[in-house]
Amino acid sequence: DPIPPAISDISAKVVFTPGLILIENFTGRYSQNLVSLTGRIWPGKQEQLRYCLLLQAEQTELNDDLIAVLPVPLAKIVSKLQPKGKINLSANLNKAASDDCSEHRITVDCLGNSVNFELLPYPLKDITGRLMITKNDIQFEGITATAADNMPIISNASTIKINGRIALADNASSSDRFQLSAGDITLMADNLRIKGKSLTGLKANLCYEHPHRNWMTKYLIADCYGGRLAGKFELKQTHEADLEYLLHVGFDNIDLKQFLSDTNSQGAHHNSYTTGKMSGSLSIATAVGESLPRIGRCRLQITNMQVGKLSPLTKLLQLKLTESEQFAFDRMLVDSYIKNNKLFFKHVDLAGKDLAFNGSGSMDLQTLNINLVLFARGHHRLATAQPSVLQS
Numbered sequence: 577d578p579i580p581p582a583i584s585d586i587s588a589k590v591v592f593t594p595g596l597i598l599i600e601n602f603t604g605r606y607s608q609n610l611v612s613l614t615g616r617i618w619p620g621k622q623e624q625l626r627y628c629l630l631l632q633a634e635q636t637e638l639n640d641d642l643i644a645v646l647p648v649p650l651a652k653i654v655s656k657l658q659p660k661g662k663i664n665l666s667a668n669l670n671k672a673a674s675d676d677c678s679e680h681r682i683t684v685d686c687l688g689n690s691v692n693f694e695l696l697p698y699p700l701k702d703i704t705g706r707l708m709i710t711k712n713d714i715q716f717e718g719i720t721a722t723a724a725d726n727m728p729i730i731s732n733a734s735t736i737k738i739n740g741r742i743a744l745a746d747n748a749s750s751s752d753r754f755q756l757s758a759g760d761i762t763l764m765a766d767n768l769r770i771k772g773k774s775l776t777g778l779k780a781n782l783c784y785e786h787p788h789r790n791w792m793t794k795y796l797i798a799d800c801y802g803g804r805l806a807g808k809f810e811l812k813q814t815h816e817a818d819l820e821y822l823l824h825v826g827f828d829n830i831d832l833k834q835f836l837s838d839t840n841s842q843g844a845h846h847n848s849y850t851t852g853k854m855s856g857s858l859s860i861a862t863a864v865g866e867s868l869p870r871i872g873r874c875r876l877q878i879t880n881m882q883v884g885k886l887s888p889l890t891k892l893l894q895l896k897l898t899e900s901e902q903f904a905f906d907r908m909l910v911d912s913y914i915k916n917n918k919l920f921f922k923h924v925d926l927a928g929k930d931l932a933f934n935g936s937g938s939m940d941l942q943t944l945n946i947n948l949v950l951f952a953r954g955h956h957r958l959a960t961a962q963p964s965v966l967q968s
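577 is the number of the first residue of the sequence shown in the numbering used here; add one for each residue after it.
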């Protein structure tokens, strides 16, 4: 059994009788913070120890000693979260007590805490809100947090909000493993940055599926550069104890100019002539914490596109044509897939009034080097125009 935390400066009024210990008042200090305890204890020699207690503590620092008094499976989960900071604690502790005792419940008010779950390398800070833990469930009420400074996926200006409930499996608190039977959590974030790109107004409803032991959402929506995306997300733990996720999203009407210009790279070249509307779908499967996806699929369509002024070479190849437009292409289609840290372009189609290409190729996701082969094809050419050098 864990050793209880040391309490100092104790002041107490306790009444002892043969079958009952009545704690009328018990106060003391734990780590310079005030704690109090009231309630009843039925010691019993042959019968099981019973108690009905109310433990309260304010501005209490989270540490290993405090975590150690939790039930073993719950303490293991809390330790993995690596919590830091102070909390207000109110615990109704009920073990085989009479009916007039409150149900077993632990209420934790977060006071700007931080967590860093070792299986999810995305630390959070400034956590506020309330956790309520019973024998049957864990409830999240008004939990808000911001991303830690070293969190790569979320902007530190983002506020994340969590509400919901996780149901515990029968006897989960007394078993050696922390097991869930169901879960329903609403997650909201006002501004996320993923790989340098912004999502705003994100909302997702997460459900826990006990038969498959995974978290899944079929309702994930967000705004993205004037457009909208929607999809589903699945998080599961493999037999190798790795956390893996699968993401399917579709997106529509995204402003290409905003998407390309929003970058943290100081050396990024901003082309004010690159505009258009982007739609498509993306599927990714990989392990949590890996910088690159293991496998994926992407389909992309850009319409009303204006990508750069025509180069001198392009103009030379169009001497036989009528007067060219200012921009080379107005539409692009891409069908690609991801495998072994490479993005393979299965089909690329670029089309404009005077130029059109299709082809295929690949891109190394680590070095971002592109190997692309394009072939010219006819598209929207005037009937009287002579073939260009490239088409010949």
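Note that beta-carbon positions come from the ideal geometry of N, C-alpha and C, so glycine has one too.
Remember, predicted model here, so these are calculated numbers, not experimental data.
In this structure, what does DSSP give as the bridge partners for residue i?
i: V949; result: S936
i: Y801; result: Per DSSP, none; premise fails for Y801.
i: D713; result: A743
i: S837; result: Answer is none; S837 lacks a bridge partner.
i: L919; result: I914 and M939
i: H788; result: DSSP, once it has assigned bridges, lists no residue as partnering H788.
i: I599; result: V590 and G615
i: C783; result: D760 and M792
i: L630; result: T614 and N668
i: L876; result: G856 and V910
i: K701; result: T722
Give every residue of the same chain whose Cβ lies closer than 6 Å to the Cβ of residue i, excluding the five residues on either side of it in the sequence, and list them in chain order.
i: V590; result: I599
i: L876; result: G856 and V910
i: T776; result: N767 and D799
i: G872; result: S859, I860 and I914
i: L926; result: F905, M908 and F933
i: V924; result: V910 and G935
i: A780; result: L763, T793 and L796
Drop a sphere of 10 angstroms on the beta-carbon of residue i, count the other beta-carbons inside from all chains shown, and report buried for 16 or more, exposed for fewer.
i: V825; result: buried
i: L625; result: exposed
i: D906; result: buried
i: G620; result: exposed
i: S912; result: buried
i: S690; result: buried
i: F592; result: exposed
i: L944; result: exposed
Look at the alpha carbon of residue i and the alpha carbon of residue j, and state the distance between them as a whole number of angstroms.
i: A672; j: I914; result: 57 Å
i: G595; j: E810; result: 53 Å
i: I830; j: K853; result: 5 Å
i: G615; j: I597; result: 8 Å
i: V684; j: T722; result: 19 Å
i: G802; j: K771; result: 18 Å
i: I761; j: S734; result: 19 Å
i: I736; j: A667; result: 27 Å
i: A724; j: A765; result: 14 Å
i: A743; j: I709; result: 10 Å
i: G604; j: I617; result: 19 Å
i: L796; j: Q942; result: 28 Å
i: I738; j: L646; result: 23 Å
i: L700; j: E634; result: 22 Å
i: F933; j: T850; result: 18 Å
i: K922; j: A952; result: 17 Å
i: T879; j: L778; result: 25 Å
i: Q715; j: L931; result: 59 Å
i: H786; j: M881; result: 46 Å
i: M835; j: K773; result: Correcting the residue type first, residue 835 is Phe in the shown sequence and not Met. Roughly 7 Å between the two C-alpha positions.
i: A745; j: L650; result: 13 Å
i: D828; j: L630; result: 54 Å
i: I946; j: L832; result: 20 Å
i: N639; j: L665; result: 14 Å
i: P659; j: C874; result: 38 Å
i: D585; j: I682; result: 25 Å
i: L805; j: R769; result: 14 Å
i: G759; j: E866; result: 26 Å
i: K929; j: R870; result: 38 Å
On the premise that residue j lies in contact with residue i, defined as a C-beta separation below 8 Å, what is that separation, rounded to the nearest angstrom?
i: G688; j: D702; result: 5 Å
i: V611; j: Q632; result: 7 Å
i: K528; j: F693; result: Any question about residue 528 goes unanswered here, given that the chain covers just 577 to 968.
i: L782; j: G807; result: Not quite, the Cβ-Cβ distance comes to about 13 Å (not below 8 Å), so this is no contact.
Within the same chain, show all residues whose beta-carbon is closer than 7 Å to that of residue i, passing over the 5 residues directly before and after it, in chain order.
i: D675; result: none
i: N670; result: C628, C677, S678, E679 and H680
i: L919; result: S912, S938, M939 and L941
i: N601; result: A588, K589 and T614
i: D713; result: R741, I742, A743 and L744
Note down, in chain order, each residue of its chain lying with its Cβ closer than 8 Å to the Cβ of residue i, except the 5 sequence neighbours on either side.
i: E820; result: L811, K812, Q813, T814, A861, T862, A863 and V864
i: E637; result: S607, N609, G661 and K662
i: N790; result: Y784, E810, L811, K812 and Q813
i: V969; result: Absent from the structure is residue 969, since the part of the chain shown begins at 577 and ends at 968.
i: C686; result: G661, I663, I703, T704, G705, R706, L707 and I719
i: N917; result: L868, D940, L941 and Q942
i: R583; result: As written in the sequence, residue 583 is Ile, which differs from the Arg given in the question. Correct list, in chain order: G604, R605, Y606 and V611.
i: H788; result: K812
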